[in-house]
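J.: The sequence shown begins at 106 in the numbering used here and counts up by one.
C-beta: ideal position from N, C-alpha, C; glycine also.
Structure incoming, see below.
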Amino acid sequence: ARPWDRKFLGYSVTWHKQAKLKIALTSVNRLKEKVHSLTTGNRSKSVKATINALTPVLCGWISYFRLTEVRGVLEELDGWIKRKLRCLL
106 ARPWDRKFLG
116 YSVTWHKQAK
126 LKIALTSVNR
136 LKEKVHSLTT
146 GNRSKSVKAT
156 INALTPVLCG
166 WISYFRLTEV
176 RGVLEELDGW
186 IKRKLRCLL
(Lines of atoms letter the chains of each structure in order from A; the text may use other names.)
(Lines give C-alpha, C1' and ligand atoms only; values in the text may rest on other atoms or scores of the structure.)
Protein backbone atom coordinates (compact mmCIF):
# COMPACT_ATOMS: atom_id res chain seq x y z
CA ALA A 106 0.00 0.00 0.00
CA ARG A 107 1.00 3.59 -0.50
CA PRO A 108 2.55 5.44 2.47
CA TRP A 109 -0.38 7.87 2.66
CA ASP A 110 -2.77 4.91 3.03
CA ARG A 111 -0.98 3.67 6.15
CA LYS A 112 -1.32 4.82 9.73
CA PHE A 113 1.41 4.56 12.36
CA LEU A 114 1.01 5.68 15.98
CA GLY A 115 -1.93 7.90 15.06
CA TYR A 116 -0.11 9.64 12.22
CA SER A 117 -0.34 9.25 8.47
CA VAL A 118 1.79 10.76 5.71
CA THR A 119 0.63 13.14 3.02
CA TRP A 120 2.48 14.48 0.03
CA HIS A 121 2.58 18.20 -0.85
CA LYS A 122 5.86 18.75 -2.71
CA GLN A 123 7.41 16.69 0.10
CA ALA A 124 6.26 14.19 2.68
CA LYS A 125 4.45 15.68 5.68
CA LEU A 126 3.08 14.17 8.88
CA LYS A 127 -0.66 14.40 9.28
CA ILE A 128 -3.02 13.26 12.03
CA ALA A 129 -4.76 10.07 10.92
CA LEU A 130 -8.52 10.24 10.43
CA THR A 131 -9.10 7.44 12.96
CA SER A 132 -7.32 9.50 15.63
CA VAL A 133 -9.49 12.52 14.87
CA ASN A 134 -12.64 10.40 15.04
CA ARG A 135 -11.62 8.94 18.42
CA LEU A 136 -11.04 12.43 19.82
CA LYS A 137 -14.42 13.58 18.50
CA GLU A 138 -16.11 10.61 20.18
CA LYS A 139 -14.37 11.43 23.48
CA VAL A 140 -15.32 15.12 23.30
CA HIS A 141 -18.87 14.19 22.31
CA SER A 142 -19.20 11.88 25.32
CA LEU A 143 -17.91 14.61 27.65
CA THR A 144 -20.17 17.35 26.26
CA THR A 145 -23.49 15.64 25.62
CA GLY A 146 -25.96 14.63 28.27
CA ASN A 147 -24.25 16.83 30.81
CA ARG A 148 -26.93 19.46 31.24
CA SER A 149 -26.65 19.05 34.99
CA LYS A 150 -22.91 19.83 34.90
CA SER A 151 -21.78 23.42 34.68
CA VAL A 152 -19.88 24.70 31.67
CA LYS A 153 -16.83 25.19 33.89
CA ALA A 154 -16.93 21.54 35.03
CA THR A 155 -17.22 20.38 31.42
CA ILE A 156 -14.26 22.54 30.39
CA ASN A 157 -12.26 21.22 33.34
CA ALA A 158 -12.99 17.66 32.17
CA LEU A 159 -12.03 18.49 28.57
CA THR A 160 -8.79 20.35 29.34
CA PRO A 161 -6.54 17.36 30.19
CA VAL A 162 -7.90 15.38 27.24
CA LEU A 163 -7.24 18.17 24.75
CA CYS A 164 -3.86 19.15 26.23
CA GLY A 165 -2.66 15.55 26.10
CA TRP A 166 -3.94 15.07 22.57
CA ILE A 167 -2.27 18.26 21.31
CA SER A 168 0.99 17.39 23.08
CA TYR A 169 1.05 13.99 21.40
CA PHE A 170 0.24 15.34 17.93
CA ARG A 171 2.44 18.46 18.10
CA LEU A 172 4.66 17.08 15.32
CA THR A 173 1.91 17.31 12.72
CA GLU A 174 2.73 19.52 9.75
CA VAL A 175 -0.79 19.73 8.32
CA ARG A 176 -2.58 22.29 10.51
CA GLY A 177 -5.96 22.20 8.73
CA VAL A 178 -7.08 19.24 10.83
CA LEU A 179 -6.35 21.14 14.04
CA GLU A 180 -8.21 24.22 12.81
CA GLU A 181 -11.23 22.10 11.90
CA LEU A 182 -11.19 20.44 15.32
CA ASP A 183 -10.90 23.82 17.03
CA GLY A 184 -14.06 25.05 15.32
CA TRP A 185 -15.90 21.80 16.03
CA ILE A 186 -15.02 21.86 19.75
CA LYS A 187 -15.99 25.53 20.04
CA ARG A 188 -19.36 24.72 18.48
CA LYS A 189 -19.89 21.86 20.95
CA LEU A 190 -19.10 24.20 23.86
CA ARG A 191 -21.44 26.91 22.53
CA CYS A 192 -24.24 24.34 22.56
CA LEU A 193 -23.79 24.04 26.32
CA LEU A 194 -24.54 27.72 26.92
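Ser142: which of Glu180, Thr119 and Val162 sits nearest, CA to CA?
T.: Considering only alpha carbons, the answer is Val162.
J.: Quick one: complete alpha helix (DSSP H) runs, 4+ long, within the region 147-192?
T.: Entirely contained in the region 147-192, the alpha helix (DSSP H) runs reaching 4 residues are, in chain order, 152-169.
J.: Determine the closest residue to Lys189 out of Val140, Gly177 and Ser132, with distance taken between C-alpha atoms.
T.: Comparing Cα-Cα distances from Lys189 to each of Val140, Gly177 and Ser132, the minimum goes to Val140.
J.: Taking the beta strand (DSSP E) that Lys122 belongs to, which residues open and close that run?
T.: Where Lys122 is concerned, there is no enclosing beta strand (DSSP E), given that its DSSP letter is neither H nor E.
J.: With 16 other CB atoms within 10 Å as the buried threshold, where does Lys127 fall?
T.: Burial call: buried.
J.: Determine contact between the region 112-128 and the region 172-188, defined as no fewer than three beta-carbon pairs at a distance below 8 Å.
T.: Touching, yes.
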